[in-house]
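Trainee:
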Amino acid sequence: DGTAVALMGNAGNDNDALAAVAAQAEGIGLFRTELLFLDRQSEPSVDDQVQMYRAVFDALGDRKVIVRTLDAGSDKPVPFLNAITEENPALGVRGWRLTRIANDVLERQLEAIGIAATQTSADVWVMAPMIDTPQEAAEFAKRARARGITKVGVMIETPAAALLADKVLAEVDFASLGTNDLTQYVMAADRLDSRLSDLTSSWHPAVLRAISQAAHAANELGKPIGVCGESAANPQLAAVLLGLGVTSLSMAPSAIAEVRGYLAGLDLSACQRAAHAAINASSAEEAREQVTQILGN
Ligand code: PEP
Ligand code: MG
Numbered sequence: 028d029g030t031a032v033a034l035m036g037n038a039g040n041d042n043d044a045l046a047a048v049a050a051q052a053e054g055i056g057l058f059r060t061e062l063l064f065l066d067r068q069s070e071p072s073v074d075d076q077v078q079m080y081r082a083v084f085d086a087l088g089d090r091k092v093i094v095r096t097l098d099a100g101s102d103k104p105v106p107f108l109n110a111i112t113e114e115n116p117a118l119g120v121r122g123w124r125l126t127r128i129a130n131d132v133l134e135r136q137l138e139a140i141g142i143a144a145t146q147t148s149a150d151v152w153v154m155a156p157m158i159d160t161p162q163e164a165a166e167f168a169k170r171a172r173a174r175g176i177t178k179v180g181v182m183i184e185t186p187a188a189a190l191l192a193d194k195v196l197a198e199v200d201f202a203s204l205g206t207n208d209l210t211q212y213v214m215a216a217d218r219l220d221s222r223l224s225d226l227t228s229s230w231h232p233a234v235l236r237a238i239s240q241a242a243h244a245a246n247e248l249g250k251p252i253g254v255c256g257e258s259a260a261n262p263q264l265a266a267v268l269l270g271l272g273v274t275s276l277s278m279a280p281s282a283i284a285e286v287r288g289y290l291a292g293l294d295l296s297a298c299q300r301a302a303h304a305a306i307n308a309s310s311a312e313e314a315r316e317q318v319t320q321i322l323g324n
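Quick note, the working numbering runs 27 ahead of the 1-based positions in the sequence shown.
#1: Using 8 Å as the cut-off, classify the Cβ of Met79 as near or not near the heavy atoms of the ligand MG, replying yes or no.
#2: Beta-carbon separation of Leu223 and Asp217 under 9 Å?
#3: Would you list the one or two residues that DSSP bridges to Thr37?
#4: Check each residue's C-beta against every heavy atom of the ligand PEP and list, in chain order, those closer than 6 Å.
#5: In the DSSP assignment, what residue or residues form a beta bridge with Ala155?
#6: Report yes if the CB atom of Ala234 is closer than 9 Å to the CB atom of Ala260, and no otherwise.
#7: How would you call Gly88, buried or exposed, if buried means at least 16 neighbouring beta carbons within 10 angstroms?
#8: Taking only three categories from DSSP, how would you classify Leu204?
#9: Of all the options Ser258, Leu293, Ala50 and Ile55, which has the alpha carbon lying nearest to the alpha carbon of Ala149?
#10: Quick check: does the Cβ of Met157 come within less than 8 Å of any heavy atom belonging to the ligand MG?
#11: Just to confirm, does Met214 get its C-beta within under 8 Å of one of the non-hydrogen atoms of the ligand MG?
#12: In chain order, what residues of the same chain have a beta carbon less than 8 Å from the beta carbon of Leu62, not counting five sequence neighbours either side?
#13: For Met154, is the beta carbon positioned less than 8 Å from some heavy atom of the ligand MG?
#14: Give the list of continuous alpha helix (DSSP H) stretches no shorter than 4 residues that lie fully inside the region 86-154.
#15: So, for Leu295: in the same chain, excluding its five sequence neighbours on each side, which residues have a beta-carbon less than 8 Å away from its beta-carbon?
#16: Do you know how far the Cα of Arg59 is from the Cα of Leu97?
#17: Taking the alpha-carbon of Asp85 as reference, which of Thr147, Pro106 and Phe107 has the nearest alpha-carbon?
#18: Any heavy atom of the ligand MG closer than 8 Å to the beta-carbon of Met182?
So this is what it looks like as C-alpha cells:
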C-alpha cells in the first residue's frame, strides 16, 4: 500500500553480504561480528579487525550495514573471551556484559569499526547486544560516539529492555529486536533445547506483547526499530511484526524474496488487524490460526 519497509539481510561474513545484495536487500540489518572470532584463540589486532569489517562493508556499496559488537558467550562462545565455565551462560556474562571482564576488547572493536567506517562508502550503524538497562545503553552510546560512530543503537532482547524501551531508546538512535533471545528470555526456555521448542516460539502472545511495547515506545520517539531474529523470516509473522509497529526486517538472505512477495500483497491495516488478533490470543497456535484467518496463507 506504499508503506516503505526496509528488508535487510543478516550476515556473518562478506559472502553473506554479497548474498544479501544479490537478494536485493537494502543492506545488512545484523552483522554478527562474533562469527569472525569463533575460531580465534587470540584477539585479532585492530588493524586485522579493520580489514575483516571492511570486507563486509565493501561488499555493500553505499548500502546500510548495522554492525553488532561482539555477542560472545552463551550459544556463541569465543575461545579467548569465554574461558570460564558458567552455571547459566545464557544468563551470565555475554554480549555487552563482557565489558565487565574484557572491557578493552570492546574498546578496540569500537576503534576498529570506527576506522573501517571512515574507509568505506557503506552507511555504518553500530549496535550492542544484550543491553538490559537504560544505563547500559547510555554507556554504550557514549563510547561508540567517542569513536566517531554517528548512528548508535541497541538490541532489545531481554524483557527488561523491552519493558523499559522508552528509557532505553531515549539514549540511542535506533533499536533492533533480537527475537531469538527475547523469546528465550520471555518464555524462560533455552533456545538450544529442542525439548522446549513449543515454548520457544516467537508466535507466543507473551513475546508479541513484549515486541509491541518496545515498538510502541520507538514509534512514540520517532526512532527506527527493526527485527533481526528468525521471526522476521516467517512471512506471516513478518506481517504481524509490521502491524505491531516494527519499521524494518532483517533475515537470512535466502528468506528475503519470499517475505517481500508476501508483504507486497498486504496493506498495513491488514497487518495491524493480524497483530491485534495475535497479541490477544492465548497461545502461539491460536495466534498463528487467527493470523492465517485474517491474512490467508
Ligand atoms: C536474536 O537473539 O534474535 C539475534 C538476532 O541475535 P542472535 O541470534 O545472534 O543471538
Ligand atoms: Mg541474540
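A virtual CB, placed ideally from N, CA and C, is assigned to each residue, including glycine.
Mentor: Taking the definition as stated:
#1: no
#2: yes
#3: One point to set straight first is that residue 37 is Asn, not Thr, in the sequence displayed. Leu57, per the DSSP bridge assignment.
#4: Leu57, Arg59, Asp98, Glu184, Gly205, Thr206, Asn207, Asp208, Cys255 and Gly256
#5: Val181
#6: According to the sequence as given, residue 234 is Val; it is not Ala. Not closer than 9 Å, so no.
#7: exposed
#8: strand
#9: Ile55
#10: yes
#11: no
#12: Gly39, Asn40 and Lys103
#13: no
#14: 130-145
#15: Asp28, Thr30, Leu269 and Gly270
#16: 7 Å
#17: Thr147
#18: yes
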